[in-house]
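Remember, our numbering sits 33 above the position in the sequence shown when you count from 1.
Glycine included, every Cβ here is placed at the ideal spot set by N, Cα and C.
To keep things clear, I will list the structure first and then write my remarks on it.
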Amino acid sequence: MAEAVMATPAKKWAREYEIIYILRPNVDPDDADKVAQRVQEVMTRLNAKIVKVDIWGKRKLAYTIQNHTRGIFVYVQFAGYGDVVAELERNLRLLDAVIRYQTIVINEQVDLETVEVDAEEAAFERIEQSEEEEAELTTAQRLGMEDIRPPAAEASEAEEVTEAEEATEAEEATEAPEAAAEGAEETAEAATEETPTADAAAAEEE
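Pasting the structure below:
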């Protein structure tokens with residue numbers, strides 16, 4: 034019985050990790066795809082499982098890295114054994130498109146066989162280069178004290194206000210001459226009523 038217990042191999046536990054790697058802000062979409070493919074190759078080769086992938090987009094860096102003030106952030110959650118992290122980081126270090134990466138452990142003990150993978154959640158989306166940069170949220174916006182609206186929406190609203198003001202001014206400008214004309218007519222009528230005619234004056238003298 035003791036021999037049978039000793040012969041049973043101890044269960045090998047995996048760990049669950051999060052890694053965020055940052056690509057150059059002007060990275061070519063094909064180069065970004067190569068990084069994603071390399072990550073997937075390492076995971077497959079070392080029997081790790083990608084649980085979730087999230088492209089955070091272009092964001093401002095906390096400090097300048099390789100003369101870049103912004104970078105494209107990619108978040109990957111995966112489960113695997115200890116050797117997968119070293120191999121993954123070694124590959125990322127060799128890729129010119131990657132300027133920084135960081136890995137942290139979020140679960141020390143995971144049964145890799147029971148880890149379920151959703152194909153949609155674990156898929157890498159193609160990163161398209163865009164001239165538009167994501168605006169950083171202010172502290173007030175993060176706390177919900179200010180509305181979070183894209184500049185385009187604000188510009189559109191400002192244009193609507195300007196158009197409304199211009200329409201009001203045009204109406205006022207149109208109404209002003211009419212009002213002046215009506216006032217002149219009323220003044221003329223009043224003067225006519227108050228000024229006696231020559232006949233009336235002669236009659237009064239007689």
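>> By alpha-carbon positions, which one of R71, G104, I137 ends up nearest to L121?
In response: Translated into positions along the sequence shown, residue 121 becomes position 88. The shortest C-alpha separation from L121 is found at R71.
> Contact check, K91 vs Q110 under 8 Å by CB: the rounded distance?
Replying inline: Residue numbering aside, residue 91 sits at position 58 when the sequence shown is read from its first letter. Residue numbering aside, residue 110 sits at position 77 when the sequence shown is read from its first letter. Not confirmed; about 21 Å, so no contact.
> Does DSSP put E49 in a helix, a strand or coil?
Replying inline: Your numbering for residue 49 matches position 16 in the sequence shown. Three-state result, E49: strand.
> If we call anything under 8 Å between Cβ atoms a contact, is K82 one with V138?
Replying inline: Residue 82 sits at position 49 when you count from the first residue of the sequence shown. Residue 138 sits at position 105 when you count from the first residue of the sequence shown. No. Outside cutoff.
>> Closest to I53 by C-alpha separation, out of K44, P42, A69, would be which residue?
In response: Taking the sequence shown and counting its residues from 1, the one referred to as residue 53 is at position 20. It is A69.
>> So, does the region 128-135 touch the region 92-104, judging by three or more C-beta pairs under 8 Å?
In response: yes
> When DSSP builds the beta bridges, which residues end up paired with D63?
Replying inline: Locating residue 63 in the sequence shown gives position 30, where the first residue counts as 1. For D63, which the question treats as bridged, DSSP gives no partner whatsoever.
> Out of A119, N80, G104, which has the shortest C-alpha to C-alpha gap to A95?
Replying inline: Reading the sequence shown from its first residue, position 62 is the one you call residue 95. Taking only the C-alpha atoms, the option nearest A95 is G104.
> Cα-Cα, which of L125, D87, N124 is closest to E153?
Replying inline: Translated into the one-based positions of the sequence shown, residue 153 becomes position 120. Looking at the Cα atoms, D87 is the closest of the given residues.
> Taking just the CA atoms, how far does D129 sit from A156?
Replying inline: Here residue 156 refers to the residue found at position 123 of the sequence shown. Here residue 129 refers to the residue found at position 96 of the sequence shown. Approximately 22 Å between the Cα atoms of the pair.
> Are V143 and E49 touching if we call contact CB-CB under 8 Å?
Replying inline: As a first step, residue 143 is located in the sequence shown; it is residue number 110 there, counting from the start. As a first step, residue 49 is located in the sequence shown; it is residue number 16 there, counting from the start. Result yes, Cβ atoms of V143 and E49 sit closer than 8 Å.
> Where do the N-terminal and C-terminal ends of the beta strand (DSSP E) with N124 fall, by residue?
Replying inline: Taking the sequence shown and counting its residues from 1, the one referred to as residue 124 is at position 91. Note, N124: premise wrong, no beta strand (DSSP E); alpha helix (DSSP H) at 115-127.
>> From the DSSP secondary-structure annotation, give me the bridge partner or partners of I139.
In response: What you label residue 139 is simply residue 106 of the sequence shown in a count that begins at 1. BP columns for I139 are empty, so no partner.
> Which residues mark the beginning and the end of the beta strand (DSSP E) in which D144 is found?
Replying inline: The sequence position of residue 144 within the sequence shown is 111, counting from 1. Per DSSP, D144 belongs to no beta strand (DSSP E) and is neither H nor E.
>> Just to confirm my understanding: we take V118, look at its own chain, exclude 5 residues before and 5 after, and list those with CB closer than 7 Å. What are they?
In response: If you number the sequence shown from 1, residue 118 lands on position 85. Closer than 7 Å at the Cβ level, and outside the excluded window around V118, lie Y50, T136.
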